[in-house]
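**Student:** Residue numbers (the UniProt record's numbering), protein chains in the order written: chain X, 1 to 268; chain R, 1 to 268.
Number of protein chains: 2
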Amino acid sequence: MKVGIVGAGNVATHLVKGLVKAGMEVSVINSRTIASAQSLAQHAPAAAITDSLNFKLSPPADIYLLAVPDRTLPQLLQEVNFPEGVIVAHTSGTQPLELLMSSLPGVETGVFYPLQTFSKEKDVDWKPIPICIETSSQHAELTLVNLGRLLSNQVVLMNGETRRKLHVAAVFACNFTNHLWGVAQDLLQKAELPVNLLEPLVQETVQKAFQFPPFSVQTGPAKRGDSITIDAHVQLLQSEPQYLQLYQVLTKSIQTVAESEPFLGKQA
Amino acid sequence: MKVGIVGAGNVATHLVKGLVKAGMEVSVINSRTIASAQSLAQHAPAAAITDSLNFKLSPPADIYLLAVPDRTLPQLLQEVNFPEGVIVAHTSGTQPLELLMSSLPGVETGVFYPLQTFSKEKDVDWKPIPICIETSSQHAELTLVNLGRLLSNQVVLMNGETRRKLHVAAVFACNFTNHLWGVAQDLLQKAELPVNLLEPLVQETVQKAFQFPPFSVQTGPAKRGDSITIDAHVQLLQSEPQYLQLYQVLTKSIQTVAESEPFLGKQA
């Protein structure tokens, strides 16, 4: 079974690396920028590269994975042309399957959404990454589930509504927390402190978050209702209005949860 | 050298456990609630328990650590009475050393601030936890540094201004991220999804945050300027106005950083 990859960004890169490592043949890599496709093809020696969206002209694949930004997907679907008898899946957490179904009549379609944050500079272990599958046919389901299992131990069937809720939860759990660590690091650097000083604290916070419900082990001045400390922090952040706004909105949100779930008890 | 502990909350609990494990004698445990002091004294067989703040009446200690909420510290300092020749340190990230110096004339004072989140239900490894020390005398410095080294491999001298900046950074890195994981878990539960589905994503996010500057590996729709996905998320969160506000403020903050640091490049 041969796979075609449309896109050459972070998701496409890790898909290609993961599939090749799992012994799959990536037969074609497509990017609007030939140089990006060429660069990615370093990881897939057998792949032809192309910037044409007419896949009838390139070496065939059985499954095409669309690993492109959500905003470019509708335009791509207008231009693309697939051979008959293939399965086409997008990798988006939010785009509906129906978008593919309506744009690609006569093609079996699906969603192949890996729940992970991908950066080109860091390899990932595909095995624990949940891959969420939704399809327009049983044959596509079987095929995409089998493809997913080559990469991951956690292949999950999930409808679009649930997948979109998972995706927004993932933004809170990953994108937003990463941003807050960036803010913390920026504050440390401005105080001329080594950035790794916070590592034991972050590791402990992560460990707790998977042992106990996070709301139940919430700590800190907001949870304690410690207005003296909060006022001192607000004072310290006067010169960083952007961070001050984050501080205030997050403090308020912690307090709202604490008030609505008083049974969770007090933490320091 | 004997240590007295004032307080019986999370910080006091882990101090007592850590000190006893390191072979120190905790000679007295004080709490306004005798039952709390009794409960904590289970971990320190040699400790006397008291609810009196006149420590001239209880078994002596060489060092007293004040592990009480910031808001109760000023009142406690008005009432407390220490024997002569002792060292008294608070454990706060924000309270100035000068508060102890002015309230306790003739006593050697210090700060003994462990940079960690403590919950009673979870043991911690003290070894990697930074302990930030500030003192009013060289003798107190030597004594508190030695005490700190019994617990931790990372004892750091730090003035009050720097400690307060570290503390606010810690709130971003720990309290706020934990809250966001709570939000993510709540969203998963409402979607009837297993809460451990996000664990590989969170673990990867943490790993990246300590390998690369977090702002440089920021991913997600806000960083990509993906307004289609952002609009879909805003739509999904209409029924959760509190989470929607967090979403919007954090999204804006990520975009502000991305605009001011365009050289950091694009991530998926």
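Glycine included, C-beta positions come from ideal geometry on N, C-alpha and C.
(1) To the nearest angstrom, how far is the alpha carbon of Cys174(X) from that of Gly23(X)?
(2) Roughly how many angstroms separate the alpha carbons of Thr13(R) and Gln116(R), rounded to a whole number?
(3) Need the endpoints of the alpha helix (DSSP H) that Asn10(X) sits in, please.
(4) Which residues does DSSP pair with Lys122(X) in a beta bridge?
(5) Grouping DSSP H, G and I as helix and E and B as strand, with all else coil, what is Leu104(X)?
(6) Have a look at Ser52(R), Asn146(R) and Gln211(R) and flag the residue whose alpha-carbon is nearest the alpha-carbon of Lys1(R).
(7) Restricting to runs no shorter than 3 residues, where is the beta strand (DSSP E) found entirely within the UniProt domain "DUF2520" (129-254) of chain X?
(8) So Ala35(X) is in the alpha helix (DSSP H); what residue range does that whole segment cover?
(9) Is the CB-CB distance between Leu237(X) and Tyr247(X) below 7 Å?
(10) Ile131(X) and Val168(X) - do their beta-carbons sit closer together than 7 Å?
(11) Do you know how far the Cα of Pro96(R) is from the Cα of Gln75(X)?
(12) Identify the contact partners of Phe112(R) in chain X, using a Cβ-Cβ distance below 8 Å as the criterion.
(13) Quick check on Asp70(X): buried or exposed, where buried means 16 or more other Cβ atoms within 10 Å of its Cβ?
(14) From Thr177(R) to Glu192(X), what does the alpha carbon distance come to, in whole angstroms?
(15) For the region 213-238 of chain R, which residues have a CB atom closer than 8 Å to at least one CB atom of chain X, in sequence order?
(16) Note the first and the last residue of the continuous beta strand (DSSP E) segment covering Glu25(X).
(17) What would DSSP say about Thr91(X), mapped onto helix, strand or coil?
(18) Please decide whether Trp181(X) counts as near chain R, where near means a Cβ-Cβ distance under 7 Å.
(19) Could one say the Cβ of Gln138(X) lies closer than 7 Å to chain R's Cβ atoms, at least one of them?
(20) Note down, in chain order, every chain X residue with its Cβ under 7 Å from the Cβ of Glu204(R).
(21) CB-CB under 6 Å to Ala222(R), same chain, minus the five flanking residues each way: which ones, in chain order?
(22) By the three-class DSSP mapping on this structure, what secondary structure does Ala258(R) have?
(23) Could you list which residues in chain X have their beta carbon closer than 7 Å to that of Asn253(R), in chain order?
(24) Can you check DSSP and say which residues form a bridge with Ala48(X)?
(25) Out of curiosity, what's the CA-to-CA distance linking Asp67(X) and Gly93(X)?
(26) For a test of the three-state rule: what should DSSP assign to Leu65(R), helix, strand or coil?
(27) Is it true that the region 211-222 of chain R meets the region 216-231 of chain X, where meeting means three or more beta-carbon pairs spaced less than 8 Å apart?
(28) Within the 7 Å Cβ cut-off, does Thr135(R) reach chain X?
(29) Since I believe Ile5(R) is in contact with Leu65(R) (beta carbons under 8 Å), could you give me their beta-carbon distance rounded to a whole number of angstroms?
(30) Taking just the CA atoms, how far does Ala8(X) sit from His43(R)?
(31) Might you give, ordered along the chain, the residues of its own chain that have their beta carbon closer than 8 Å to the beta carbon of Ser52(X), omitting 5 neighbours on each side?
(32) What do you get for Arg224(R), buried or exposed, if any count of 16 or more other CB atoms within 10 angstroms of its CB means buried?
(33) Does chain X have any CB closer than 7 Å to the CB of Val171(R)?
(34) Give the straight-line distance between the Cα atoms of Ala268(X) and Asn10(X), rounded to the nearest whole angstrom.
(35) Within the continuous beta strand (DSSP E) that includes Val80(R), where are the two ends?
(36) Which residues, in chain order, does the region 69-90 of chain X contribute to contact with chain R at a C-beta distance below 8 Å?
**Tutor:** In terms of the structure at hand:
(1) So the two alpha carbons sit approximately 30 Å from each other.
(2) When rounded, the distance between both Cα atoms is 13 Å.
(3) Element bounds for Asn10(X): Asn10 to Lys21.
(4) Under DSSP, Lys122(X) forms a beta bridge with Ser119(X).
(5) DSSP places Leu104(X) in coil when its eight states are reduced to three.
(6) As written in the sequence, residue 1(R) is Met, which differs from the Lys given in the question. When each option's Cα is compared against that of Met1(R), the closest is Asn146(R).
(7) Runs found: 131-135 and 155-157.
(8) First-last of the alpha helix (DSSP H) with Ala35(X): Ile34 to Ala41.
(9) Closer than 7 Å, so yes.
(10) Using a Cβ distance threshold of 7 Å, Val168(X) and Ile131(X) do not count as a contacting pair.
(11) Spanning the two alpha carbons is a distance of roughly 59 Å.
(12) Neighbours of Phe112(R) on chain X: none; closest Cβ ~15 Å, over 8 Å.
(13) So Asp70(X) ends up on the buried side.
(14) If you take the alpha carbons of Thr177(R) and Glu192(X), they lie about 23 Å apart.
(15) Listed by position, the residues of the region 213-238 of chain R near chain X (Cβ gap below 8 Å) are Pro213, Pro214, Phe215, Val217, Gln218, Thr219, Gly220, Pro221, Ala222, Lys223, Arg224, Asp226, Ser227, Ile228, Thr229, Ala232, His233, Leu236 and Leu237.
(16) Glu25 to Asn30 is the extent of the beta strand (DSSP E) around Glu25(X).
(17) It is coil, neither helix nor strand.
(18) The beta-carbon of Trp181(X) is placed less than 7 Å from the nearest beta-carbon of chain R.
(19) False, the Cβ-Cβ gap to chain R never drops below 7 Å.
(20) Here the neighbours are Gln116, Thr117 and Val124.
(21) Excluding sequence positions up to five before and after Ala222(R), its CB lies within less than 6 Å of the CB of Thr251, Ile254 and Gln255, all in the same chain and listed in chain order.
(22) Correct three-state label for Ala258(R): helix.
(23) A quick correction: the sequence has Ser, not Asn, at residue 253(R). When 7 Å is used as the limit between beta carbons, Ser253(R) is near these residues of chain X: His179, Gln242 and Leu246, in chain order.
(24) Under DSSP, Ala48(X) takes part in a beta bridge, and its partners are Val28(X).
(25) In the sequence under discussion, the amino acid at residue 67(X) is Ala, which differs from the Asp named in the question. Straight-line Cα distance between these residues: approximately 11 Å.
(26) In this structure, Leu65(R) counts as strand in the three-state DSSP scheme.
(27) In the pairwise beta carbon analysis, the region 211-222 of chain R is classified as not touching the region 216-231 of chain X: fewer than three pairs are separated by under 8 Å.
(28) Thr135(R) does not count as touching chain X.
(29) Right, the Cβ-Cβ distance comes to about 6 Å (below 8 Å), so this counts as a contact.
(30) Between His43(R) and Ala8(X), the C-alpha separation is close to 57 Å.
(31) Contacts found: Asn30 and Ser58.
(32) Its Cβ being crowded by 16 or more others within 10 Å, Arg224(R) is buried.
(33) Taking Cβ atoms only, chain X reaches closer than 7 Å to Val171(R), which makes this a yes.
(34) In this prediction, Ala268(X) scores a pLDDT of 42, lower than 50, which makes its location untrustworthy; the coordinate-derived value is nonetheless stated afterwards. Cα atoms of Ala268(X) and Asn10(X): separation of roughly 40 Å, rounded to the nearest angstrom.
(35) Where Val80(R) is concerned, there is no enclosing beta strand (DSSP E), because DSSP gives it neither an H nor an E.
(36) Listed in sequence order: Pro69, Asp70 and Arg71.
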